[in-house]
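Notes follow once the structure below has been shown.
2 protein chains.
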Amino acid sequence: MRISIDYTNMLAPACGPHGVTEEELRAEFGRGSEAIRTLRAKRDQIRWRDLPYNQDEIVEKILAVANDVRERAESFVVLGIGGSALGPIAVQQALNHPRWNELPKAKRNGPRLYVEDNVDPERMAALFDVIDPETTVFNVITKSGSTSETMAQLLTVMRTLIDLYGEEHLKDRLIATTDREKGNLIGIAKKYGLTTFYVPEGVGGRFSEMCPVGLLPAAVCGIDIKEMLKGAARMDALCDNDNIEENPALMYALLETIAMKKGANVGVLMPYADSLKYFADWYAQLWAESLGKKKDGLRFGQTPVKALGVTDQHSQVQLYTDGPFDKTVTFLGVEKYRTEFMIPHAVDENPNVAFLSGHTFNELISAERKATAHAVTVSGHMNKTILLPEVNANTIGQLMMLFELATAYAGELLGINAYDQPGVEEGKNMTYALLGKKGYEAKLEEMKDSAERKLV
Amino acid sequence: MRISIDYTNMLAPACGPHGVTEEELRAEFGRGSEAIRTLRAKRDQIRWRDLPYNQDEIVEKILAVANDVRERAESFVVLGIGGSALGPIAVQQALNHPRWNELPKAKRNGPRLYVEDNVDPERMAALFDVIDPETTVFNVITKSGSTSETMAQLLTVMRTLIDLYGEEHLKDRLIATTDREKGNLIGIAKKYGLTTFYVPEGVGGRFSEMCPVGLLPAAVCGIDIKEMLKGAARMDALCDNDNIEENPALMYALLETIAMKKGANVGVLMPYADSLKYFADWYAQLWAESLGKKKDGLRFGQTPVKALGVTDQHSQVQLYTDGPFDKTVTFLGVEKYRTEFMIPHAVDENPNVAFLSGHTFNELISAERKATAHAVTVSGHMNKTILLPEVNANTIGQLMMLFELATAYAGELLGINAYDQPGVEEGKNMTYALLGKKGYEAKLEEMKDSAERKLV
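Respectively, the protein sequence lines represent chains E and V.
Every position in the first sequence, counted from 1, becomes a number in our numbering once 3 is added.
Every position in the second sequence, counted from 1, becomes a number in our numbering once 3 is added.
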């Protein structure tokens, strides 16, 4: 059961003159083959690609810790931001009940999950309105231990737990996921004897879902992480294929990078399933932070846009059809939802309503997806559909690896480094300066407005 | 207490050669003045502008119905999509507890709120896992009564309620918000004697938050809707100012339309407050559906992108700084959050962590907003900041009217009709065809693929 990409509507025969031509595509096949070779040679710099294969022992430890947490915790709180949050949120939403935290305990196969990925004071306070520290286990995730947001949350949680239960019991309620040797968190973890998982060398934040960063929260919520890794392994193998036309990640990357050159600086990801809504957030980080780069005076990067079918048909599709030819749309379709839900008869006297009765919601959402893809195509806009036979742990593993590899291939095709994020340093340093961190005093000078302030 | 826009960083003196110059801005002032006059003349076609002034009687009815619902309902479920959903979600998130539905009844000032704006079968089923029909009141919202998604949900709810309680009791549990005369829903409302609110003439879906569409759900959840309307009235008056430099909505529209001409086909809205997260969704519909238009062979529309500060600093800001000069960023800042939350001392031995202690989360999030605006500016990208003194019913009313009027002005400046959505008809009709609605048989023929199917 594997996911597939239908890219018919990316091509000119389907969507017309703004589409990719067969010639444009074939002209890139040479560079595609080169990208396969380069990525293979880089394998030890992109260790996330090995995660489906080299974690047998770690997975057993994760499952043991997860089982312990599941037995004693009502709530599991992840303190993390960026890649440490987006993967856990996406996987939880994809594979568990849509209203998990609101379900009574008997209907929930694990503790409530909270992923705290902001430092809004109102949200921080609100967390303590809904959890009981007595029955909560926290998992702080930061590779470097220098992420201000996560460390501020950690200080809050540590103070609370130490005051309530004493330093010696911190280890019962706090799990660390961090670098094995470096950084501020590993020191704290050692001092208090915390259960600790490691972010492997060569696995950046946005590529970390398949390591303990993502696997522990998933396992705590009863998700079959072995099956996720199996799905990821399967997709990794498919995307190592030298035959470009049978290599899904490379085809995805080729089509998108060609589309970018043709002016599509916007890339919409539009799942037709609430379960995949936050998958689009995860994708948005991966695509934006990996490909948004400057090099040799040139600027790269396609702005990812998250949409949700059918909801955003009533919000964004007007723009996607009648608006500029500046985007690609990638639909995520689901062939078989986990529930079938009938549209019953109730207004049979009105044929304008009654035509819906007897159909299922499944038929309705699928018809709308196909109809929207058709409308986007006939209006001349490039689009493609990734089809998931079902949403399950295996296909989610496939989907994540597909996007990770598509991003890696796109990085090669654009000739940029997809694994750094130098553009965020300026903001980080200025935050340190504004908070009075030692050594950043001079930085404050830059903040003095050079331009006249304009207010309305 | 009014919101303001700081647009210093939209201009070339602050952000450099990719910014708007003083000359470019002044050159558009003539067209700006024309837009003020046109909009005044259109006033009876844009009746949403009158909503803050002409609803005294309706507001009293809303409050009476809301009070009744508040007394007897544990859950309030909105069935609606697009404008019927995005406004209610945005306002609820802005003004009530971030985890409202999870709070125990005693801490909640009103029933749980569910806004069902999709037809995902899994989500539809999940709703009935968390609500008890016995203590639930439903509010179906569709002006035309021909929105397939909402009508499918309505059929489900009607069947459930009629089977459980009998036709004669439908009126105790279902409220309709629809057109006064036309459409499928008003007929149903009359047949069953439902409490009914009307969507006024000249108020399109995306401009409907300040009519019963948005006001009833807000009032049910204890929000001060009179104060919201007061805020909207205040902003309406400010934005009628002939002095362009004192007219916030017109300045917003001028700056964005000039930016579009300079290549900014992407417009990011990035609130620094979880409470405003879904406000960005509401804005995205307003901006995309109003301005995404084709006319005389030209294509218009800026793609709205929703981001959340500080969260998306770890996801999108790399792209916003190092990526192409193809976007504007609008930050939403909050001067005073409703909670102050300390970052305590707990790791004083490590200065790389301890520098945070003693500050508040409030200081941290504000420092990060300012630092990010600075980083985006020094990297040469246009940005501006809308500052809310506080997030409350009045400032939310202001903010919504600001964006509605900015959208209206932008429509005038671009010379397009901001109030229709012809581009969604194709998809609607094809959905009808796929579901076998009478009269759409021929449409199916178009679906037959003309292009060879490409799969990977």
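We treat Cβ as the ideally placed atom computed from N, Cα and C, and that holds for glycine.
Asked: Residue closest to residue 330 (chain V), alpha-carbon to alpha-carbon, out of E:352, E:373 and E:305; Found: E:305
Asked: Contacts that residue 455 (chain V) makes with chain E (C-beta to C-beta distance below 8 Å); Found: 11 and 16
Asked: Euclidean distance between Cα positions of residue 98 (chain E) and residue 50 (chain E); Found: 26 Å
Asked: Cβ pair residue 101 (chain E), residue 77 (chain V) closer than 8 Å; Found: no
Asked: Member of V:193, V:447, V:27 and V:422 whose CA lies at the smallest distance from the CA of residue 47 (chain V); Found: V:422
Asked: First and last residue of the uninterrupted beta strand (DSSP E) at residue 115 (chain V); Found: 115 to 119
Asked: Which listed residue (E:205, E:204, E:171 and E:254) has its alpha carbon closest to that of residue 195 (chain E); Found: E:171
Asked: Proximity test, Cβ basis, 8 Å: residue 158 (chain V) and chain E; Found: yes
Asked: Candidates V:342, V:141, V:302 and V:335: closest to residue 130 (chain E) by CA position; Found: V:342
Asked: Selection of the segment 270 to 291 of chain V by Cβ proximity to chain E, strictly under 7 Å; Found: 276, 277, 278, 287, 288 and 291
Asked: Residue closest to residue 284 (chain V), alpha-carbon to alpha-carbon, out of V:296, V:114 and V:308; Found: V:308
Asked: Within chain V, partners of residue 426 (chain E) - CB distance below 9 Å; Found: 320, 321, 322, 323, 324, 325, 326, 378 and 382
Asked: Residue 427 (chain V) vs residue 320 (chain E) beta-carbon contact at 8 Å; Found: yes
Asked: Under 8 Å between C-beta atoms of residue 232 (chain E) and residue 153 (chain E); Found: no
Asked: Interface residues of the segment 338 to 353 of chain V facing chain E [CB-CB below 9 Å]; Found: 340, 341, 342, 343, 344, 345, 346, 347, 348, 349, 350, 352 and 353
Asked: Extent of the continuous beta strand (DSSP E) run through residue 177 (chain E); Found: 177 to 181
Asked: Beta-carbon proximity of residue 339 (chain E) to residue 274 (chain E), cut-off 8 Å; Found: no
Asked: Residue 239 (chain V) versus V:30, V:457 and V:412, residue with shortest Cα-Cα distance; Found: V:412
Asked: Residue range of the unbroken beta strand (DSSP E) whose run includes residue 70 (chain V); Found: Counting along the chain, residue 70 (chain V) falls outside any beta strand (DSSP E), though it belongs to the alpha helix (DSSP H) covering 59 to 75.
Asked: C-alpha gap between residue 363 (chain E) and residue 160 (chain V), whole angstroms; Found: 14 Å
Asked: For residue 450 (chain E) and residue 244 (chain V), the rounded distance between their alpha carbons; Found: 33 Å
Asked: Residue interval of the alpha helix (DSSP H) (run including residue 273 (chain E)); Found: No alpha helix (DSSP H) contains residue 273 (chain E), which is instead part of the beta strand (DSSP E) from 269 to 274.
Asked: Cutoff 8 Å: residue 211 (chain E) Cβ touching any chain B Cβ; Found: The structure shown contains no chain B; the protein chains it does contain are E and V.
Asked: Where residue 328 (chain V) falls: helix, strand or coil (DSSP); Found: coil
Asked: Proximal chain E residues relative to residue 49 (chain V), where beta-carbon distance stays under 9 Å; Found: Correct list: empty, because the minimum Cβ distance to chain E is about 18 Å.
Asked: Rounded distance between the beta-carbons of residue 360 (chain V) and residue 346 (chain V), thought under 8 Å; Found: 6 Å
Asked: Distance cut-off 7 Å: residue 310 (chain V) Cβ against heavy atoms of the ligand COA; Found: As for the ligand COA, it is missing from this structure, which has no ligand bound.
Asked: Option nearest residue 356 (chain V) by Cα separation, candidates E:155, E:261, E:121 and E:104; Found: E:155
Asked: Residue-chain proximity (residue 330 (chain E), chain V), Cβ-Cβ < 8 Å; Found: yes
Asked: For residue 288 (chain V) and residue 27 (chain V), the rounded distance between their alpha carbons; Found: 28 Å
Asked: Spatial distance of residue 324 (chain E) from residue 12 (chain E) (CA atoms); Found: 14 Å
Asked: Three-state class that DSSP yields for residue 336 (chain V) in the structure shown; Found: strand
Asked: Minimum length 3: unbroken beta strand (DSSP E) runs contained in the segment 133 to 196 of chain V; Found: 139 to 144 and 177 to 181
Asked: Cβ neighbour criterion (16 or more within 10 Å) applied to residue 32 (chain E); Found: exposed
Asked: Check whether residue 438 (chain V) and residue 14 (chain E) have beta carbons under 8 Å apart; Found: no
Asked: Short-range partners of chain V found in the segment 425 to 447 of chain E, where Cβ spacing is below 9 Å; Found: 425, 426, 427, 428, 429, 430, 431, 432, 433, 434, 435, 436, 437, 438, 439, 440 and 441
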